[in-house]
Amino acid sequence: MKVLGISFGRLNQRSDVMVKEALIAAKKAGADVEFINTVRLNIGHCRACDYCSRCKDNGDTEIHCCFKDDYHILEEAVLDADGIIIGAPVYAVGIVGQFKNFVDRFGPSHDRAALIEENKKREKEGKPLLDERYFKDRYTGYISVGGAGTHNWVALGLPMLHLNDFSQCMKCVGHIDAYDQGRTGHPVLNRELMETCAQLGSAVAEAIGKPYEEVDTWVGADGVCPVCHNPLLSINGTTDVECPICGIWGKLSVEGDKVKVTFSEEEKARARNTKIGIYEHYHEIQNMIPVCVPKLQDNKDFIDAEMEKYKNFDEYIKTV
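Here is the structure:
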């Protein structure tokens, strides 16, 4: 079993130190480990060129991005791993943009529901199947690193890190909100923090190979959501509330000065990182096609005429 540690922070600084502490514990738990620091990697943003979709449509067994940057280094490392621990800094309330660049390019192109359906089609047609690594269950752990002592300045750190789980149906077994680093000075000065990093590494390693439903380990704060353990809720003015990360609904109640949210087993089973959850989204996308395509065809001339001012915006705006 292999645990991959990824740091999106500066070389040999806080993210590196905490991820490596987790990897040391994973190694002691019996895992092979690999560490990658991304700060000098060139991982550009997705340009929505659809090349990755064409790889699938063309019958390729592997799905790749056409851009020749360092994204492929991280892509291959993630696909080879059984467990993943990510540490990343918060610069402006949420996680550093390089992480989001990777998630945007890796997640949709490796969406498990879409790839399962593609393999079903290939099996019927007797064509080569997709890379089996795309269907591997993986366990994850996350470390959000922030300097601010005021938590709301790092509040979207951990929620953003959980974006990594969804498309590939990974299961998180713990996360650490390592903020207030400005006053801590250095993570090794906080032994409780470092011990929690080690617990996270052990938890990821020890979960590998077990069915998701048999692992209920959690390292870190419990939060509100029983799936991602983050404290965020979307409120619509009723007692029905939603975890914006997992997309599951719960019922809010107030007992004295305590707020309680109850999530049903049915809702927990349809969280975004589950097969039920990704299939909900897959069918949502598929059901758009019969609505959108006829609408575009029926209104082609009108759309073409309207688009002229947008395509020639620089000239058009002078006439306004």
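Letter 305 of the sequence shown, counting from 1, is numbered 305 in the UniProt record's numbering, and no numbers are missing. We put the beta carbon where it would ideally sit given N, CA and C, even for glycine.
Nearest neighbour of residue i, chosen from the options [CA to CA]
| i | options | result |
| --- | --- | --- |
| Arg-112 | Phe-135, Val-93, Asn-101 and Lys-100 | Phe-135 |
| Ile-84 | Glu-214, Met-1 and Asp-216 | Met-1 |
| Asp-180 | Leu-158, Trp-153, Asp-137 and Ala-205 | Trp-153 |
| Glu-117 | Gly-107, Asp-298, Phe-106 and Leu-130 | Leu-130 |
| Pro-211 | Thr-238, Leu-189 and Cys-172 | Cys-172 |
| Lys-258 | Asn-273, Val-224 and Asp-304 | Val-224 |
| Val-49 | Cys-66, Thr-38, Lys-275 and Thr-61 | Val is not the amino acid found at residue 49; the sequence shown has Cys there. When each option's Cα is compared against that of Cys-49, the closest is Cys-66. |
| Ala-29 | Val-3, Gly-94 and Val-291 | Val-3 |
| Pro-89 | His-110, Asp-82 and Asn-12 | Asn-12 |
| Ser-167 | Lys-300, Leu-193, Asn-273 and Phe-302 | Asn-273 |
| His-64 | Ala-25, Val-39 and His-110 | His-110 |
| Glu-280 | Val-103, Gly-146 and Glu-267 | Glu-267 |
| Met-170 | Gly-256, Gly-209, Asp-177 and Thr-150 | Gly-209 |
| Glu-242 | Lys-260, Glu-255 and Asp-137 | Lys-260 |
| Asn-58 | Val-188, Leu-23, Lys-127 and Asn-101 | Lys-127 |
| Ala-148 | Asn-101, Glu-255 and Ala-92 | Ala-92 |
| Phe-102 | Ala-178, Ile-6 and Thr-184 | Ile-6 |
| Ala-178 | Asp-301, Gly-256, Thr-238 and Ala-221 | Ala-221 |
| Glu-213 | Gly-237, Asp-137 and Asn-230 | Asp-137 |
| Leu-115 | Gly-97, Cys-52 and Glu-255 | Cys-52 |
| residue 325 | Asn-312, Val-254 and His-229 | Here the chain has residues from 1 to 320 only, and residue 325 is not among them. |
Residue range of the alpha helix (DSSP H) that includes residue i
| i | result |
| --- | --- |
| Cys-136 | Note on residue identity: the sequence assigns Lys, not Cys, to residue 136. Neither: Lys-136 is in no alpha helix (DSSP H) and is coded neither H nor E. |
| Asp-57 | 51-57 |
| Leu-200 | 191-207 |
| Pro-231 | Run containing Pro-231: none; DSSP gives neither H nor E here. |
| Asp-177 | Premise fails: Asp-177 lies in the beta strand (DSSP E), 171-178, not in any alpha helix (DSSP H). |
| Asp-287 | Correcting the residue type first, residue 287 is Asn in the shown sequence and not Asp. Start and end: 275-298. |
| Phe-166 | Run containing Phe-166: none; DSSP gives neither H nor E here. |
| Val-78 | 71-80 |
| Leu-11 | Element bounds for Leu-11: n/a, residue is neither H nor E. |
| Gly-147 | First-last for Gly-147: undefined, no H or E at that position. |
| Arg-40 | Where Arg-40 is concerned, there is no enclosing alpha helix (DSSP H), given that its DSSP letter is neither H nor E. |
| Arg-183 | 181-184 |
| Val-158 | Per the sequence presented here, residue 158 reads as Leu, with Val not at that position. Unbroken alpha helix (DSSP H) run through Leu-158: 157-161. |
Extent of the continuous beta strand (DSSP E) run through residue i
| i | result |
| --- | --- |
| His-110 | Looking at the DSSP string, His-110 is not in any beta strand (DSSP E), and its letter there is neither H nor E. |
| Ala-88 | 83-92 |
| Asp-240 | 240-243 |
| Ser-15 | Where Ser-15 is concerned, there is no enclosing beta strand (DSSP E), although the alpha helix (DSSP H) it sits in stretches over 14-28. |
| Thr-262 | 258-263 |
| Asp-32 | 32-37 |
| Glu-255 | 248-255 |
Cβ-Cβ separation, residue j to residue i (assumed contact under 8 Å), whole Å
| i | j | result |
| --- | --- | --- |
| Val-227 | Ala-271 | 4 Å |
| Tyr-142 | Leu-158 | 6 Å |
| Ile-86 | Asn-164 | 7 Å |
| Arg-105 | Cys-55 | Wrong, their Cβ atoms sit about 13 Å apart, outside the cutoff. |
| residue 330 | Ile-276 | Nothing about residue 330 can be reported from this structure: the residues present for the chain run from 1 to 320 only. |
| Val-39 | Arg-14 | The pair is not a contact, with the Cβ atoms about 12 Å apart (cut-off 8 Å). |
Within 9 Å, strictly: CB atoms of residue i and residue j
| i | j | result |
| --- | --- | --- |
| Leu-41 | Phe-99 | no |
| Glu-206 | Thr-217 | yes |
| Gly-250 | Phe-263 | yes |
| His-175 | Ser-144 | yes |
| Leu-232 | Pro-244 | yes |
| Ala-77 | Glu-132 | no |
| Leu-74 | Ile-95 | no |
| Leu-296 | Ile-285 | no |
| Ala-25 | Asp-82 | no |
| Val-215 | Tyr-282 | no |
| Tyr-316 | Glu-306 | no |
Worksheet item: Would the segment 1-20 and the segment 195-206 be scored as touching if the rule is three or more Cβ pairs under 8 Å?
Response: Verdict: yes, contact present.
Worksheet item: How do the segment 118-127 and the segment 67-81 stand: do at least 3 beta-carbon pairs fall below 8 Å, yes or no?
Response: Counting Cβ pairs under 8 Å, fewer than three are found: no touch.
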